[in-house]
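These protein sequence lines are chains A and B, in that order.
What the first sequence shows, in my numbering, is residues 17 to 346, in sequence order.
What the second sequence shows, in my numbering, is residues 17 to 346, in sequence order.
For every residue, glycine included, the Cβ atom is placed at its ideal position computed from N, Cα and C.
See structure below.
There are 2 protein chains.
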Amino acid sequence: MPKKNYTIGIDVGGTKILAAILDQDQNIVGRAKKKTRVEEGVEAVLVRIVDTVNEALAASKVALDQVRTVGICVPGPAEPDTGVIIEAPNLGWRNLNIIEFLVKTIGRPAYLSNDVTAGTWAEFSMGAGRGARNLLGVFIGTGIGGGIIIDGQLYEGSGRQAGEIGHICLNPHGPVCGCGRHGCLEAYASRTAMTRDIKAALDRGIKSSITKEIDEDDRQIRSRQLRQAFLDGDKVVTDVVKQAAYFLGIGLGSLANVLNPDCIVLGGGVVEAFGDAYVKQVNSSFKRFAFQSVYDKIKLVQAGLGDDAGVVGAALIARRKHAAAGKDQA
Amino acid sequence: MPKKNYTIGIDVGGTKILAAILDQDQNIVGRAKKKTRVEEGVEAVLVRIVDTVNEALAASKVALDQVRTVGICVPGPAEPDTGVIIEAPNLGWRNLNIIEFLVKTIGRPAYLSNDVTAGTWAEFSMGAGRGARNLLGVFIGTGIGGGIIIDGQLYEGSGRQAGEIGHICLNPHGPVCGCGRHGCLEAYASRTAMTRDIKAALDRGIKSSITKEIDEDDRQIRSRQLRQAFLDGDKVVTDVVKQAAYFLGIGLGSLANVLNPDCIVLGGGVVEAFGDAYVKQVNSSFKRFAFQSVYDKIKLVQAGLGDDAGVVGAALIARRKHAAAGKDQA
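In structure tokens:
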């Protein structure tokens with residue numbers, strides 16, 4: 017019987033499914049990627065998850081019986097203990113027991129986590145936050161989510177909902193947020209907020225290179241397109257990005273004053289799109305809104321694992337949970 | 017040789033010094049109180065601290081050689097390890113090694129903590145937050161401070177500055193805060209903020225019972241005076257308190273979304289002055305700004321230990337640190 021030294025990590029997002037195989041030293045030895053195609057329905061997506069896993073196994077030349085455990089992460093509140101995804105709006109999933117499905121189809125113990133939690137754990141364990149003790153992971157994309165590490169451990173909160181940093185209020189009379197409230201950080205600094213502000217500028221007749229780049233399907237502007245306009249110095253886009261960075265800095269200042277971490281990792285599509293220039297703008301605002309003595313001891317860094325953060329984090333969390341459950345002799 | 021079963025707790029505030037003697041079951045067996053009289057200088061205050069301790073010992077009929085350890089808490093950032101109070105503006109203290117002084121004069125091992133940290137630990141250990149796992153202590157007075165309990169342990173942050181919840185930003189264009197920034201929670205919801213807003217209303221010629229009650233020395237309005245006007249239904253005061261409660265609720269909503277605690281304890285002079293009616297107003301705003309599922313699982317309660325929270329917390333922390341340091345055989 018071969019040694020079961022491998023772990024499968026799966027990251028299911030609104031646009032793509034990623035799977036990766038990790039060896040016992042946490043190296044990725046194979047990966048695969050497919051479009052999610054949410055519009056085809058839950059069953060079709062589930063089948064495609066299994067296909068992606070099989071492709072990753074093939075790419076890594078690892079056989080299923082060499083796999084010890086499976087970790088999956090999804091966007092939205094998850095119940096890690098029961099394996100139930102309570103609600104993942106980007107996937108159109110509600111009360112889906114993904115773990116039951118994975119155990120049945122893949123035949124290995126499986127563990128569920130939230131994508132931001134997984135990403136934070138990955139960055140803390142082997143990414144840009146390595147060596148930190150108290151860390152805040154901040155992921156900026158369509159929304160803004162956060163993960164919290166306290167004394168080297170994942171902090172999930174009493175109801176496992178900790179880290180909803182996109183919903184700290186920066187102004188009760190601010191713009192409407194997706195959650196229905198006003199002035200949430202997410203309503204100022206997410207890609208959704210940037211898209212809204214760029215469209216508003218275009219509607220006011222301000223010229224921009226972005227005009228033709230708005231996705232006709234979902235009326236969002238892709239990070240890739242924003243990136244190009246930002247690099248080109250497009251005024252509408254650079255102004256909007258600057259303002260979003262300013263508000264993100266305010267939020268980070270507030271969070272740092274409360275949590276006094278030694279590291280903040282910035283990740284997600286927006287950070288990857290705008291890179292260093294954006295992180296510098298965030299930092300400049302962050303510095304103004306955090307106490308000097310708090311700011312001085314914080315390392316604010318860009319995430320290091322990119323797209324891999326989710327799959328790696330999901331796999332690492334699965335491995336830890338499996339070991340903690342004492343099932344490693346199985 | 018008598019058993020050293022007693023602990024001294026000391027709470028030095030801007031207006032009063034409290035000392036209490038705790039027995040091994042954490043009962044207060046004696047207490048004393050003196051005015052701080054900051055204006056008389058550091059030396060005079062230090063002498064008065066020792067006098068207060070001696071009075072508390074006399075009141076409790078406990079001899080000094082029955083005392084195991086001493087805990088002291090102060091307002092402002094403290095370095096528990098070195099015993100140095102970095103800065104306590106209300107006391108006019110800077111870089112004062114209070115522990116060195118206490119060990120020399122009282123002759124017992126002494127431990128330093130921040131007053132809000134001590135109050136939070138006391139409320140968690142034997143006050144309104146008993147039984148909680150993740151708790152946020154919120155103390156509203158001249159300023160607003162917070163203490164954080166994570167998984168039953170005090171969370172102090174990487175630089176021991178965690179919990180500065182008075183300085184989360186609720187609007188970057190909001191009123192100036194004592195810290196120099198704009199729109200901090202403290203600039204909306206502290207007694208200082210209420211005083212400012214009441215004075216502004218009076219300056220606009222709005223009639224109020226509070227007119228003659230402003231302290232001529234420090235231009236503050238005492239909590240006691242605010243309380244009476246609030247109970248009397250004075251419109252200026254009730255409006256200002258309502259607005260302060262609204263903003264506190266916003267701040268608590270943000271904090272709850274990030275920390276997902278199971279308990280929030282509200283304490284401090286403002287809470288004691290306005291009681292249930294105020295807590296209800298805070299709760300109503302809090303409910304709007306926290307996620308429903310987060311809100312549903314949180315117990316928002318008024319602190320239970322009143323003025324004793326500081327002395328009790330300082331004593332309990334001293335006892336724990338002394339035990340942890342393995343000095344209990346001494």
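*Could you name the residues of chain B that residue 171 of chain A contacts, counting a contact when the two beta carbons are closer than 7 Å?*
Here the question's residue 171 of chain A lines up with position 155 in the first sequence. Ordered by position in chain B, the residues that pass the 7 Å Cβ test against residue 171 of chain A are 166.
*Quick one, which of B:158, B:175, B:108 has its alpha-carbon nearest residue 313 of chain A's?*
Here residue 313 of chain A is taken as the residue at index 297 of the first sequence, counted from 1. Of the residues B:158, B:175, B:108, the one whose Cα lies closest to the Cα of residue 313 of chain A is B:175.
*Quick one, which residues of the stretch 145 to 160 of chain A are near chain B if we go by CB-CB under 7 Å, in chain order?*
Per Cβ criterion, the list reads 149, 150.
*Are there three or more Cβ pairs, one per stretch, closer than 8 Å when the stretch 244 to 255 of chain B is compared with the stretch 298 to 314 of chain B?*
A contact between stretches requires three or more CB pairs, one per stretch, nearer than 8 Å, and the stretch 244 to 255 of chain B fails this requirement with the stretch 298 to 314 of chain B.
*Nearest residue (CA-CA) to residue 178 of chain A, options A:224, A:71, A:129, A:223*: What you label residue 178 of chain A is simply residue 162 of the first sequence in a count that begins at 1. Of the candidates A:224, A:71, A:129, A:223, the one whose C-alpha sits nearest the C-alpha of residue 178 of chain A is A:129.
*asked:* With distance defined between alpha-carbon atoms, name the residue in A:57, A:38, A:206, A:102 nearest to residue 72 of chain A.
replied: Within the first sequence, numbered from 1, the residue matching residue 72 of chain A stands at position 56. Put simply, of A:57, A:38, A:206, A:102 the residue whose alpha carbon is nearest the alpha carbon of residue 72 of chain A is A:38.
*Taking 8 Å as the CB-CB cut-off, is residue 186 of chain B touching chain A?*
Here residue 186 of chain B refers to the residue found at position 170 when the second sequence is read from its first residue. Contacts with chain A at 8 Å (Cβ-Cβ) include residue 186 of chain B.
*asked:* Tell me the rounded alpha-carbon separation between residue 244 of chain B and residue 294 of chain A.
replied: The sequence position of residue 244 of chain B within the second sequence is 228, counting from 1. The sequence position of residue 294 of chain A within the first sequence is 278, counting from 1. About 52 Å.
*Counting pairs of Cβ atoms below 8 Å between the stretch 184 to 195 of chain A and the stretch 320 to 327 of chain A, do you hit three or more?*
Touching, no, given that fewer than three Cβ pairs across the two stretches are closer than 8 Å.
_Option in B:224, B:258, B:290, B:117 with minimal Cα separation from residue 59 of chain B_ = Sequence index remark: in the second sequence, residue 59 of chain B carries index 43 (1-based). Nearest C-alpha to residue 59 of chain B: B:117.
*Rounded straight-line distance, which links the Cα of residue 87 of chain B to that of residue 48 of chain A*: Position 32 of the first sequence, counting from 1, holds the residue named residue 48 of chain A. Position 71 of the second sequence, counting from 1, holds the residue named residue 87 of chain B. Rounded to the nearest angstrom, the gap between the Cα atoms of residue 48 of chain A and residue 87 of chain B is 58 Å.
*Quick one: measure Cβ to Cβ for residue 106 of chain B and residue 30 of chain B, integer angstroms, because I've assumed they're closer than 8 Å.*
Here the question's residue 106 of chain B lines up with position 90 in the second sequence. Here the question's residue 30 of chain B lines up with position 14 in the second sequence. Right, their Cβ atoms sit about 3 Å apart.
*Assigned secondary structure, residue 78 of chain B (DSSP; H/G/I helix, E/B strand, else coil)*: The residue you call residue 78 of chain B lines up with position 62 of the second sequence. Per DSSP, reduced to three states, the secondary structure at residue 78 of chain B is coil, with no helix or strand assignment.
*List, in order along the chain, the chain A residues whose C-beta lies closer than 7 Å to that of residue 180 of chain B?*
Start at 1 with the first residue of the second sequence, and residue 180 of chain B comes out as number 164. Near residue 180 of chain B (Cβ distances below 7 Å), the residues of chain A are 273, 274, 307.
*Can you give me the Cβ contacts of residue 327 of chain B inside the same chain, cut-off strictly under 6 Å, excluding the 5 residues immediately before and after it?*
Taking the first residue of the second sequence as position 1, residue 327 of chain B is located at position 311. Within the same chain, and ignoring the five residues on either side of residue 327 of chain B in sequence, the residues whose Cβ sits closer than 6 Å to its Cβ are 25, 27, 34, 36.
_C-beta atoms of residue 125 of chain A and residue 85 of chain A nearer than 8 Å_ = On the first sequence, residue 125 of chain A is found 109 positions in, with the first residue counted as 1. On the first sequence, residue 85 of chain A is found 69 positions in, with the first residue counted as 1. Yes; because the gap between Cβ atoms is below 8 Å, this pair is in contact.
*Spell out the partners DSSP gives residue 198 of chain A in its beta bridges.*
Within the first sequence, the letter at position 182 stands for residue 198 of chain A. Beta-bridge partners of residue 198 of chain A (DSSP): A:192.
*Output, in chain order, the set of chain A residues within a Cβ distance shorter than 9 Å of residue 191 of chain B.*
Position 175 of the second sequence holds residue 191 of chain B. The premise fails here: residue 191 of chain B is roughly 13 Å from chain A at the closest Cβ pair, so nothing lies under 9 Å.
*With a 10 Å radius around its C-beta and 16 neighbouring C-beta atoms as the bar for buried, classify residue 120 of chain A as buried or exposed.*
Here residue 120 of chain A refers to the residue found at position 104 of the first sequence. Burial call: exposed.
*asked:* Let's see if you can read the secondary structure: which residues bound the beta strand (DSSP E) around residue 283 of chain A?
replied: For this step, residue 283 of chain A is matched to residue 267 along the first sequence. Counting along the chain, the unbroken beta strand (DSSP E) around residue 283 of chain A starts and ends at 279 to 283.
_Quick check on residue 196 of chain B: buried or exposed, where buried means 16 or more other Cβ atoms within 10 Å of its Cβ?_
Stepping through the second sequence from its first residue, residue 196 of chain B is reached at position 180. Label assigned to residue 196 of chain B: exposed.
*Unbroken alpha helix (DSSP H) run spanning residue 130 of chain B, endpoints*: Position 114 of the second sequence, counted from the first residue, corresponds to residue 130 of chain B. Careful: residue 130 of chain B lies outside any alpha helix (DSSP H), inside the beta strand (DSSP E) at 126 to 130.
*asked:* Between the alpha carbons of residue 345 of chain A and residue 96 of chain A, how many angstroms are there, rounded?
replied: Here residue 345 of chain A is taken as the residue at index 329 of the first sequence, counted from 1. Here residue 96 of chain A is taken as the residue at index 80 of the first sequence, counted from 1. Confidence is the limiting factor: at residue 345 of chain A the pLDDT is only 47, short of 50, which leaves the residue's position unreliable, though a coordinate-based value still follows. Answer to the nearest angstrom: the Cα atoms are 22 Å apart.
_Measuring only the C-alpha atoms, how far is residue 74 of chain B from residue 80 of chain B?_
The residue labelled residue 74 of chain B in the question sits at position 58 within the second sequence. The residue labelled residue 80 of chain B in the question sits at position 64 within the second sequence. Spanning the two alpha carbons is a distance of roughly 10 Å.
*Which residue's Cα is closest to the Cα of residue 51 of chain A: A:42, A:40, A:64?*
The residue you call residue 51 of chain A lines up with position 35 of the first sequence. The residue among A:42, A:40, A:64 with its C-alpha nearest the C-alpha of residue 51 of chain A is A:64.
_Using a Cβ-Cβ cutoff of less than 7 Å, which residues in the same chain neighbour residue 270 of chain B once the five nearest sequence positions on both sides are dropped?_
As a first step, residue 270 of chain B is located in the second sequence; it is residue number 254 there, counting from the start. Spatial neighbours of residue 270 of chain B in its own chain (CB-CB distance under 7 Å, excluding positions within 5 residues in sequence) are listed in chain order as 184, 305.
*asked:* Any beta carbon of chain A sitting closer than 8 Å to that of residue 174 of chain B?
replied: Indexing the second sequence from 1 puts residue 174 of chain B at position 158. Look at residue 174 of chain B: its C-beta is under 8 Å from a C-beta on chain A.
_Among A:264, A:291, A:223, A:165, whose alpha-carbon lies nearest the alpha-carbon of residue 276 of chain A?_
What you label residue 276 of chain A is simply residue 260 of the first sequence in a count that begins at 1. The residue with the shortest Cα to Cα distance from residue 276 of chain A is A:165.
*Under a CB-based cut-off of 8 Å, is residue 345 of chain A close to chain B?*
Along the first sequence, read from residue 1 onward, the residue named residue 345 of chain A stands at position 329. Any reading at residue 345 of chain A must be qualified, since the residue scores a pLDDT of 47, below 50, and its modelled position is unreliable; the value itself is stated next. For residue 345 of chain A, the answer is no, since every Cβ of chain B falls outside 8 Å of its Cβ.
*Mark residue 337 of chain A as exposed unless 16 or more other C-beta atoms lie within 10 angstroms of its C-beta, in which case mark it buried.*
In the first sequence, the residue the question calls residue 337 of chain A occupies position 321. Counting Cβ neighbours within 10 Å, residue 337 of chain A comes out buried, since at least 16 surround it.
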